[in-house]
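Trainee: Numbering (my numbering), first residue to last: 56 to 132.
Structure follows, in structure tokens:
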């Protein structure tokens, strides 16, 4: 099951990087909720997992955006 794979990956992440992963996952989930409430989406689970994996790799590689700049340029309705 994919949940177990994600949990297994999380166990391999150093403790000092977990807060970054939490922020990525939380932001991702909140964005999904926002999109679903305004525009139902049929994005395949595989695409969602691939995007999440890419975000985790970017965070672990140090390619992060400060929280105060994260939403720059994004219009909110």
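The beta carbon of each residue, even a glycine, is placed where N, CA and C say it ideally should be.
From a predicted model like this one, the values you see are computed outputs, not experimental measurements.
DSSP three-state call for residue 127: helix, strand or coil?
Mentor: Residue state, collapsed to three classes: coil.
Trainee: Comparing alpha-carbon positions, which option in 60, 75, 111 lies nearest residue 122?
Mentor: It is 75.
Trainee: Can you give the Cα-Cα distance for residue 115 and residue 58, rounded to whole angstroms?
Mentor: Each residue's Cα considered, the two are about 20 angstroms apart.
Trainee: Ignore the nearest five residues each way along the sequence and tell me which others in residue 111's own chain have a CB closer than 7 angstroms to its CB.
Mentor: Correct list, in chain order: 76, 79.
Trainee: Only counting the same chain, and skipping five residues up and downstream in sequence, which positions put a Cβ closer than 7 angstroms to that of residue 60?
Mentor: Around residue 60: no qualifying Cβ.
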